[in-house]
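Residue numbers (the working numbering): 117 to 369.
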């Protein structure tokens, strides 16, 4: 693995962390969801941090499971290469028996841009990477928009009404963006607030595949900021992005 380029390394790390999570699910079962969530978060985080320290010792890392002090380390902001990882995206879904809409995110940011990334969907048996970006599907049938299972933005319901679109609740952000890239939906719209690790890896893959990814006002998504909070996001098939952005603008007037 030490000889792999960044694209393949991202894919291997995400996949192997995903295999670890599948083993935890099988060993612990679902009787104690909180304990399973905690074990998954910590186990995947420890695996990714150890692997990146060993294989990319000169790079900085921003992880959801890092301490507040680690996240605020000023060396990250001056680093030329920063790995942005979410060891377990969709912790709620991970701890629910039968759900497959959770993910592992591994992305690399270099000098202002996302340059490599991978989203492992362990319970679906696949990993999407920038090494071999997925071929985007053609739009078929009624327009579908992926939204949060638990906190879909109110304006997205209005947007769906205007576009005669179907809302599709999906768990993790990685699973939602993966659904755009694999034909499950045409778009993902979210305005309830996220963090950089929630979207960096799936956005890297989406951009590599030729999909649209931006803030909901059309401005670029910016990563490796001092405050990793990202208020909103739009990821869609490229040919429907203008319609979505126009609809969102109309609703916010």
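Beta carbons: idealized from backbone N, C-alpha and C, even for Gly.
If you look at residue 149, you'll find it in the alpha helix (DSSP H) that goes 149-171.
Rounded to the nearest whole angstrom, the C-alpha separation of residue 220 and residue 229 is 20 Å. In terms of CA proximity to residue 368, 272 leads the group 239, 351, 343, 272. Note on residue 270: under 16 other CB atoms within 10 angstroms of its CB, so exposed under the neighbour-count rule. Proximity of the region 187-202 to the region 330-347 meets the contact definition, three or more beta-carbon pairs being nearer than 8 Å. For residue 183, there is no enclosing beta strand (DSSP E), as DSSP gives it neither H nor E. With contacts defined by Cβ atoms closer than 8 Å, residue 366 and residue 307 do not form a contacting pair. Uninterrupted beta strand (DSSP E) stretches at least 3 residues long and entirely within the region 251-285 occur at 260-264, given in chain order.
Taking the Cα positions, residue 188 is about 12 Å away from residue 176. Secondary structure of residue 310 (DSSP, three-state): strand. Selection 224, 146, 160 evaluated against residue 121 yields 224 as nearest (Cα-Cα).
In this structure, residue 346 lies near residue 311, with their beta-carbon atoms less than 8 Å apart.
Here residue 170 is exposed: its Cβ has fewer than 16 other Cβ atoms, across all protein chains shown, within 10 Å. The continuous alpha helix (DSSP H) containing residue 194 extends over residues 190-194.
Between residue 199 and residue 287, the beta carbon gap of about 23 Å keeps them out of contact (Cβ cut-off 8 Å). Burial of residue 276 is indicated by the presence of at least 16 other C-beta atoms within 10 angstroms of its C-beta. If you draw a 10 Å sphere on the C-beta of residue 245, you find 16 or more other C-beta atoms in it, and that means buried. The three-state secondary structure of residue 121, taken from DSSP, is coil.
By the C-beta criterion, the region 316-336 is judged to be in contact with the region 230-241, since at least 3 inter-stretch pairs fall below 8 Å. Considered as a whole, the region 318-363 harbours 328-330, 349-352 as its complete beta strand (DSSP E) runs of no fewer than 3 residues, in chain order. For residue 332, the closest alpha carbon among the candidates 358, 321, 210, 324 is that of 358. A check of alpha carbon separations from residue 256 across 274, 301, 168 identifies 301 as the nearest. If you draw a straight line from the Cα of residue 182 to the Cα of residue 146, it comes to about 25 Å. Beta bridge pairing from DSSP links residue 132 with no other residue. With a beta-carbon spacing of about 10 Å, residue 293 and residue 320 fall beyond the 8 Å limit used to define contacts. Ranked by Cα distance from residue 156, the options 265, 202, 281, 334 are led by 202.
Going by DSSP, residue 243 is part of the beta strand (DSSP E) stretching over 242-245.
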